[in-house]
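Chemist: Before I ask anything, here is the structure I am working with.
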Amino acid sequence: MAFNLTSDIHNGVVRITLSGELDASVAGQFKTAVEQAAVAQPKSLALLVSDLSYMSSAGLRALVFAKQKMGASIRIFVVGAQETVQETIEMTGFSHSVVMLESYDAAQIEA
Amino acid sequence: MDTENLTVPGNLDSLKAVREFVKRATGSAGIDKQRAYKLTLAVDEILANIVIHGYDEAGRSGDVEISYHVEEDRLRVDLYDCGIPYDPTQNDTPAHLDKQLEDRPIGGLGVYLARQGTDDFIYEFVNDRNHNTFIVNRAANGS
Chain A
1 MAFNLTSDIH
11 NGVVRITLSG
21 ELDASVAGQF
31 KTAVEQAAVA
41 QPKSLALLVS
51 DLSYMSSAGL
61 RALVFAKQKM
71 GASIRIFVVG
81 AQETVQETIE
91 MTGFSHSVVM
101 LESYDAAQIE
111 A
Chain B
1001 MDTENLTVPG
1011 NLDSLKAVRE
1021 FVKRATGSAG
1031 IDKQRAYKLT
1041 LAVDEILANI
1051 VIHGYDEAGR
1061 SGDVEISYHV
1071 EEDRLRVDLY
1081 DCGIPYDPTQ
1091 NDTPAHLDKQ
1101 LEDRPIGGLG
1111 VYLARQGTDD
1121 FIYEFVNDRN
1131 HNTFIVNRAA
1141 NGS
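Order-wise, the sequence lines are chains A and B.
The first sequence begins at 1 in the numbering used here and counts up by one.
The second sequence begins at 1001 in the numbering used here and counts up by one.
Have a look at this one:
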């Protein structure tokens, strides 16, 4: 499935929905979306990834970029990650820096 | 012995075709889904490095050849390119995996994932070409 990205801002949270396969050839789109999101100075960034079937380290680097761009205090939620994508996030230690949720928990994310 | 070859241009648009190729390889070798994903990730990471660092940043262009061989007890995937010589097996495991994101350098993750996704990961430079070999044992080893 081709990579697709949509984003919106809701209650101070930038929500980026990623689907398909996120590799180095499309990571620039994700990075651009993060840059645009940073302008809104959101309190949280929620990545909705239940339809993301593949993510390489190019996607992880965009997360590093998000923290650097939005400031260390930004909370990043990864929502609905498939097992393989979740394992990559855990194996690389990124799970120390993001909150992994099975489903969108507005009370926690939009708090 | 089941085998297949593919030559693709050394650019990022080739990543998807190579992932499909690796999926055929793991399907042919009967590798389970989780380990197949990890091998696909391993090859994808190294190919992205070849295109970005070996070709683009070095001002070079060229093809990448990939082949797979299903052997009795293992699957072997070979990647050949004419980019600048680079030995990813000499890349140390990143020492910052437990650091917060904002304190981490960007880089080194791809090679780390390549090593994690294979039972053996071998590099050699032969006849002016980089040759990366990815090996996965066919019998699930529980890792």
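We put the beta carbon where it would ideally sit given N, CA and C, even for glycine.
Treat the numbers as computed from the prediction; the structure is a model and nothing was measured.
1) What are the boundary residues of the alpha helix (DSSP H) that includes Met70(A)?
2) When burial is assigned at 16 or more other CB atoms within 10 Å of the CB, is Val64(A) buried or exposed?
3) Closest to Asp1073(B) by C-alpha separation, out of Cys1082(B), Gly1054(B), Tyr1112(B), Thr1026(B), would be which residue?
4) For Ser53(A) and Glu87(A), I'd like the C-alpha separation in whole angstroms.
5) Against chain A, does Gly1059(B) count as a neighbour if the rule is that its beta carbon must be under 8 Å from one of theirs?
6) Out of curiosity, what's the CA-to-CA distance linking Tyr1037(B) and Ala81(A)?
7) Please return the same chain residues whose Cβ sits closer than 6 Å to the Cβ of Asp51(A), not counting the five positions on each side in sequence.
8) How close, in whole Å, do the beta carbons of Leu47(A) and Val79(A) come, if the pair is a contact with beta carbons under 8 Å?
9) Express the C-alpha separation of Asn1130(B) and Pro1085(B) in angstroms, rounding to a whole number.
10) So which residues on chain A does Lys1016(B) lean against when the C-beta distance must stay under 8 Å?
11) Does Leu60(A) get closer than 8 Å to chain B when you measure Cβ to Cβ?
12) Gln1090(B) touches chain A at which residues, Cβ-Cβ below 9 Å?
13) Below 8 Å on the Cβ atoms is my guess for Ile1066(B) versus Leu1015(B); work out the distance and round it to an integer in Å.
14) Excluding five sequence neighbours on each side, which residues of the same chain lie with their C-beta closer than 6 Å to the C-beta of Glu1124(B)?
15) Is Ala1048(B) buried or exposed, if buried means 16 or more other CB atoms sit within 10 Å of its CB?
Modeler: If we stick to the structure as given:
1) One-based indexing of the first sequence puts residue 70(A) at position 70. Residues 57-70.
2) Translated into the one-based positions of the first sequence, residue 64(A) becomes position 64. When all chains shown are included, Val64(A) counts as buried.
3) Locating residue 1073(B) in the second sequence gives position 73, counting from the first residue. Considering only alpha carbons, the answer is Thr1026(B).
4) Residue numbering aside, residue 53(A) sits at position 53 when the first sequence is read from its first letter. Residue numbering aside, residue 87(A) sits at position 87 when the first sequence is read from its first letter. C-alpha separation (whole angstroms): 12 Å.
5) Walking along the second sequence from the start, residue 1059(B) turns up at place 59. Chain A, which has no Cβ nearer than 8 Å to the Cβ of Gly1059(B), makes this no.
6) Within the second sequence, the letter at position 37 stands for residue 1037(B). Within the first sequence, the letter at position 81 stands for residue 81(A). If I take the Cα positions, the gap works out to 15 Å.
7) Along the first sequence, read from residue 1 onward, the residue named residue 51(A) stands at position 51. Closer than 6 Å at the Cβ level, and outside the excluded window around Asp51(A), lie Ser19.
8) Position 47 of the first sequence holds residue 47(A). Position 79 of the first sequence holds residue 79(A). So it is a contact: roughly 7 Å between Cβ atoms.
9) If you number the second sequence from 1, residue 1085(B) lands on position 85. If you number the second sequence from 1, residue 1130(B) lands on position 130. Taking the straight line from one Cα to the other gives about 6 Å.
10) Along the second sequence, one-based indexing puts residue 1016(B) at 16. Neighbours of Lys1016(B) on chain A, chain order: Glu21, Asp23, Ser25.
11) Your numbering for residue 60(A) matches position 60 in the first sequence. Interface residue, yes.
12) On the second sequence, position 90 is the one that residue 1090(B) refers to. The premise fails here: Gln1090(B) is roughly 18 Å from chain A at the closest Cβ pair, so nothing lies under 9 Å.
13) For this step, residue 1066(B) is matched to residue 66 along the second sequence. For this step, residue 1015(B) is matched to residue 15 along the second sequence. In fact, because the Cβ distance is near 11 Å, the residues do not count as touching under 8 Å.
14) Your numbering for residue 1124(B) matches position 124 in the second sequence. Taken in chain order, the residues that qualify are His1131.
15) Counting from 1 along the second sequence, the entry for residue 1048(B) is found at position 48. Flag for Ala1048(B) reads buried.
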